[in-house]
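Here's the structure, in structure tokens; my notes come after.
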Amino acid sequence: MKHFQTIAELYTINGFPPPENPLLGLVTFDDIRGCVFAHTEFTMGFYKIALKKIKSGTVMYGKTKYDHDNGSMFFLKPNQIIRMNDLELTERGFMIYIDEDYLIGHPLHEAIKKYGYFDYEANEALHLSPKEEEIIWDVFDKIRHEYNNNQDDYSKDIMLSHIESILKYAQRFYKRQFLNRAVLSGTITSRFSEILKCYFESGNLEKNGLPTVTYMASQLSLSARYLSDLLRQENGKAALEHIHIALVKEAKNILMSTDKTVAETAYQLGFENPPYFSRLFKKEVGLTPTEYREKFLN
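Counting the sequence shown from 1 gives a position; the working numbering is that position plus 3.
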């Protein structure tokens, strides 16, 4: 699989016009005649922010497919696998390539890692409304103007500030998408709870141990990061917190309806370490399992 270590290498191999800055690349699709890449499967050693409209074909990041035909944004961190098949894009779109070295000395060097959507999958792209797309293009045009205007000592800070504005707008627009998704497909919280219930009832806790966030996300056809962000948007709690709450609820039932010891309860719930189970129980309930049983049975 081809790996592009630098932005300059990606530009050269794909026949793009030379970048104005070796650590920061801006490309609009009309600049590269429809965005035809020399490789259909590759990784990159730098960040990518893109606004695309796919006319035909598919794009895959990791193992998930994207084939949406409206204006949508993608956010890729270094070393993610990209696959493209028979891809044809409309002319209006852009790509921003950012080498991590370009961020050194700027607050965005650390801040960019906090934007969870860089860990989303392709089918979780940000689908923009016409108004949102207009806002993003306005900010991109400011970056492009600075990029092509004889860069000086101020250019880097100005462009990174605008790039961060795009990231902040994307965070806002994703929240809107989370809300719309809940309306269209039912709350993720209820579906998440139903999957957990089935997992418990099937005996998977004892056979396979605690369900992971990754497992739960796969059951919902989501990435783990997207699932947690979506749940947090719905009710303020991340996916792992929901798993813990469900486990504690099940633990309460066992403690109240059986004579099993705390250790036996922990093992039944998939915990390999009973002390860890007790700490988690106390964190959620405010009492240890033993204290809880004694309080309600005496």
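From the three backbone atoms N, C-alpha and C, an ideal C-beta is built for every residue, glycine too.
Length at least 3, wholly inside the region 76–138: the beta strand (DSSP E) runs in chain order
85–92, 97–101
Where the alpha helix (DSSP H) containing Tyr-270 begins and where it ends:
As a first step, residue 270 is located in the sequence shown; it is residue number 267 there, counting from the start. From DSSP, the alpha helix (DSSP H) with Tyr-270 extends over 265–271.
Do you know whose CA, among Asn-211, Leu-258, Asp-104, Asn-24, lies nearest Phe-49's CA?
Walking along the sequence shown from the start, residue 49 turns up at place 46. Comparing Cα positions, the closest option is Asp-104.
Would you kindly report the start and end of the unbroken alpha helix (DSSP H) that includes Ala-242?
Taking the first residue of the sequence shown as position 1, residue 242 is located at position 239. Element bounds for Ala-242: 242–260.
Going along the chain, which residues of its own chain have a beta-carbon closer than 6 Å to the beta-carbon of Leu-304, five neighbours each way excluded?
With the chain covering 4 to 301 only, the question about residue 304 has no answer from this structure.
Run the CB neighbour count on Lys-298, radius 10 Å, all protein chains shown included, and call it buried at 16 or more, exposed below.
Working through the sequence shown from its first residue, we reach residue 298 at position 295. Its Cβ having fewer than 16 others within 10 Å, Lys-298 is exposed.
When the Cα of Thr-264 is compared with those of Ile-101, Ser-205, Thr-291, which residue comes out closest?
On the sequence shown, residue 264 is found 261 positions in, with the first residue counted as 1. For the residues Ile-101, Ser-205, Thr-291, the minimum Cα distance to Thr-264 belongs to Thr-291.
Quick check on the DSSP output: the alpha helix (DSSP H) that includes Thr-15 runs from which residue to which?
If you number the sequence shown from 1, residue 15 lands on position 12. Taken as a continuous stretch (DSSP letters only), the alpha helix (DSSP H) holding Thr-15 covers 10–17.
Residue range of the alpha helix (DSSP H) that Phe-195 falls in?
As a first step, residue 195 is located in the sequence shown; it is residue number 192 there, counting from the start. Note, Phe-195: alpha helix (DSSP H), 191–204.
At the level of alpha carbons, what is the spacing between His-130 and Met-76?
Looking up residue 130 in the sequence shown gives position 127. Looking up residue 76 in the sequence shown gives position 73. Distance between the alpha carbons of His-130 and Met-76: 7 Å.
Three-way DSSP call (helix, strand, coil) for Leu-29 in this model:
Locating residue 29 in the sequence shown gives position 26, where the first residue counts as 1. Correct three-state label for Leu-29: strand.
7 Å Cβ shell around Ala-11 - same chain, five flanking residues per side excluded
Mapped onto the sequence shown, residue 11 falls at position 8. Cβ neighbours of Ala-11 beyond the five flanking positions: Pro-22, Pro-25.
By the 10 Å Cβ neighbour count, where 16 or more other Cβ atoms means buried, how is Met-205 classified, buried or exposed?
Counting from 1 along the sequence shown, the entry for residue 205 is found at position 202. The amino acid occupying residue 205 in the given sequence is Ser; Met does not appear at that position. Exposed, since its Cβ has fewer than 16 Cβ neighbours within 10 Å.
Determine the extent of the alpha helix (DSSP H) in which Tyr-50 is found, giving its start and end residues.
Within the sequence shown, residue 50 is the residue found at index 47, counting from 1. Unbroken run through Tyr-50 is the beta strand (DSSP E), 50–55; no alpha helix (DSSP H).
Is the region 254–269 close to the region 215–227, with three or more CB pairs under 8 Å?
no
Given a cut-off of 8 Å, decide if Gly-18 and Leu-54 are closer than it, judged by their beta-carbon atoms.
For the purposes of this step, residue 54 is taken as residue 51 along the sequence shown, with counting starting at 1. For the purposes of this step, residue 18 is taken as residue 15 along the sequence shown, with counting starting at 1. No; because the gap between Cβ atoms is not below 8 Å, this pair is not in contact.
Have a look at Val-288, Asp-160, Tyr-279, His-245 and flag the residue whose alpha-carbon is nearest the alpha-carbon of Gly-108.
Taking the first residue of the sequence shown as position 1, residue 108 is located at position 105. When only C-alpha atoms are compared, the closest one is Asp-160.
Write down the C-beta distance between Ser-231 and Val-216 rounded to the nearest angstrom, noting that I regard them as a contact closer than 8 Å.
The residue you call residue 231 lines up with position 228 of the sequence shown. The residue you call residue 216 lines up with position 213 of the sequence shown. Rounded, the Cβ-Cβ distance is 7 Å, consistent with contact.
Does DSSP put Phe-274 in a helix, a strand or coil?
Counting from 1 along the sequence shown, the entry for residue 274 is found at position 271. Here Phe-274 sits in coil by DSSP.
With a threshold of 16 other CB atoms inside 10 Å of the CB of Tyr-202, please say whether the residue is buried or exposed.
Stepping through the sequence shown from its first residue, residue 202 is reached at position 199. The residue is buried, with at least 16 neighbouring Cβ atoms inside 10 Å.
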